[in-house]
Structures are given as C-alpha cells and as structure tokens.
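Read the structure below first, then the notes.
Numbering (this note's numbering), first residue to last: 13 to 316.
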C-alpha cells in the first residue's frame, strides 16, 4: 500500500509523464496520457481493482445540443417547459458537467467514463446518442475518439460504464453493442475474475477496454460485464459534509472481493438548488463547493 500511495502522489504532482508535443519527456510537466504504462514494475502484477483510477461524471456532457428535443430522461413537465427556447438554454447550463472532450479527458489521465445513452424519438434510423437532459454527440463518434487514443497509447486501460438507457428496445441494444464491437474489436476484455486482472495480464493479451452494461442484455455477449461488478453508490446531496461522510461510509463497506467500486464525489442539485441558481448553472452553483473535498471528482477503487 505504501508503494501504491507513492505512485498516486506522483500522479497528483505530475511526475509520471507521457511525451509532450515536442516528443521528449520531462519530469516537471503534468502529462498523464501514459500514466498506466509509467507505473513502477512492482504494480504491474497488482489486481487492477486495487488501483485508484480517476474518472469523470456524465463524461460525455462537454457538449449537448440545445436545438435537439428534450431527452426521454426528463419529466413531461420539463418537456412542456422546454418549448420555450430560453428554457433549453438554461437546461444546457445544468446539463453540461464536463469541459473536456473524451480525448482531452484521456490525455489528462481519466480512465473511467460514466455513460448514459438513448435513442432519439422520431429518428428513422437506430442511432444511439449520449444524453443528459439534452442529447449529446452520437455514441459512435465518442467510441471512435476513445479508440483512436487507445491505439496510440497501447498500455492504457479504460472502463466504459453504460449505466443508464433511455428509449431503447432490443433492436437499439443490438445496434449499440455492434457499434462497441466495431469500435474496439480485439481491445475488448471478456469477463473474468476481478482479482486475476492485472496490468501485466491485460497488456499481454492486448486488452484495453472493459465495458460495463447495466442491463440484462449483457448476458448475450462475453465482453459485456454486468453492472453489479462496478457498484456506484450515490450520495444524492448538495452538502459537502454529508457527501464526505457518505464516501467514507461506502468505502469502508464496499465488497472486499469480486468487484470494482466507484466513489462518486459529486454534489447533486435539488429542484430548489436549480431554482436559486437558475441563471448561474451547475458550475457556478455547485462545482466550486467540491474544492474542499480531498479526493478526486470520481474515483474507481477497491480496498486492498
């Protein structure tokens, strides 16, 4: 554990680096695109579930389309209100939770992605989109962006957590899974014992992508991991103090074996929170409160 803490400290300080644009490496630069490949050798055989892995919440929501219909994840009341153009502009302020693209997040060191997807009602095709109140980019475009990074960084491993599905029937699920197969092909890691999964093992087999699928449909494909293998308890609070207590409690209670674990260090707006900060949006109303929390915004880890 001491060696693991030292490695984490190096990551926070930016001393584990990947090549900068000039093609050289410097220990003083913050460059985390290859942080897994740069871990010391004695961590290569450690179960991946024992590493603290940085992640992002609503990872795709760096862009949402305010001209699109309101998503099926919203109530009928919100859909009716959204007929007013100003309402969608305000929705966008509360739907965008990231300011970096997939590529930029990956280059910054993010390896866990929280993904919510939906079909777009009224579309003639079976296209699937990312969604958070409003529709985001096509899932296919996001997958290709991730795959491009992984091809250039063959020792980096990512966790793609598909945990919410909206307006999707069996045909839509088949279309999505086909897209996943087409995007990553042999990079997909089939389900196996969590404790047997190490960086060395994954590197030898050239696996780089773990897909978690919170839907019974996962049973039909060997590379879809069940959602129960990556629980993500949710504090659902606007209080920093309550959030910290929740994180400490759930970390101490997490399963000692057999699964990964997501610590969601995020504050969740209530209706009155949105009403009070309607114009300011999510970033100005809640995000700055998190600066006092001594953990990453989202961390994937397991007790060793």
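Built from N, CA and C at the ideal position, the CB exists for glycine as well.
These numbers were taken from a predicted model, which means no experiment stands behind them.
Integer-rounded CB distance, given that residue j should sit under 8 Å from residue i
i: residue 72; j: residue 149; result: 7 Å
i: residue 183; j: residue 138; result: 6 Å
i: residue 147; j: residue 132; result: 6 Å
i: residue 121; j: residue 66; result: 6 Å
i: residue 48; j: residue 211; result: 6 Å
i: residue 280; j: residue 261; result: Not really, about 17 Å apart at Cβ, beyond 8 Å.
Residue j beta carbon less than 7 Å from that of residue i
i: residue 130; j: residue 272; result: no
i: residue 76; j: residue 97; result: no
i: residue 78; j: residue 105; result: no
i: residue 224; j: residue 173; result: yes
i: residue 162; j: residue 220; result: yes
i: residue 256; j: residue 69; result: no
i: residue 247; j: residue 274; result: no
i: residue 56; j: residue 128; result: no
i: residue 81; j: residue 207; result: no
i: residue 114; j: residue 157; result: yes
i: residue 191; j: residue 215; result: no
i: residue 179; j: residue 84; result: yes
i: residue 74; j: residue 102; result: no
Which of helix, strand or coil DSSP assigns to residue i
i: residue 69; result: coil
i: residue 54; result: helix
i: residue 152; result: helix
i: residue 75; result: coil
i: residue 175; result: strand
i: residue 237; result: strand
i: residue 226; result: coil
i: residue 96; result: coil
i: residue 9; result: Shown here, the chain extends from 13 to 316; a query on residue 9 therefore has no answer.
i: residue 272; result: coil
i: residue 191; result: helix
i: residue 131; result: strand
i: residue 126; result: strand
i: residue 206; result: helix
i: residue 252; result: helix
i: residue 90; result: helix
i: residue 200; result: strand
i: residue 140; result: strand
i: residue 185; result: helix
i: residue 120; result: helix
Residue i burial status per 10 Å Cβ neighbour count (16 or more: buried)
i: residue 234; result: exposed
i: residue 123; result: buried
i: residue 89; result: exposed
i: residue 198; result: exposed
i: residue 45; result: buried
i: residue 217; result: exposed
i: residue 254; result: exposed
Rounded separation between residue i and residue j - CA only
i: residue 263; j: residue 155; result: 30 Å
i: residue 237; j: residue 229; result: 10 Å
i: residue 203; j: residue 95; result: 44 Å
i: residue 276; j: residue 125; result: 12 Å
i: residue 118; j: residue 93; result: 36 Å
i: residue 134; j: residue 188; result: 18 Å
i: residue 63; j: residue 186; result: 32 Å
i: residue 209; j: residue 51; result: 16 Å
i: residue 171; j: residue 164; result: 17 Å
i: residue 200; j: residue 266; result: 26 Å
i: residue 269; j: residue 239; result: 15 Å
i: residue 181; j: residue 231; result: 16 Å
i: residue 99; j: residue 91; result: 10 Å
i: residue 193; j: residue 136; result: 23 Å
i: residue 116; j: residue 205; result: 31 Å
i: residue 241; j: residue 222; result: 11 Å
i: residue 213; j: residue 140; result: 32 Å
i: residue 251; j: residue 166; result: 40 Å
Neighbour flag for residue i against chain D, beta carbons, 7 Å
i: residue 176; result: Looking at the structure shown, chain D is missing, and only one protein chain is on hand.
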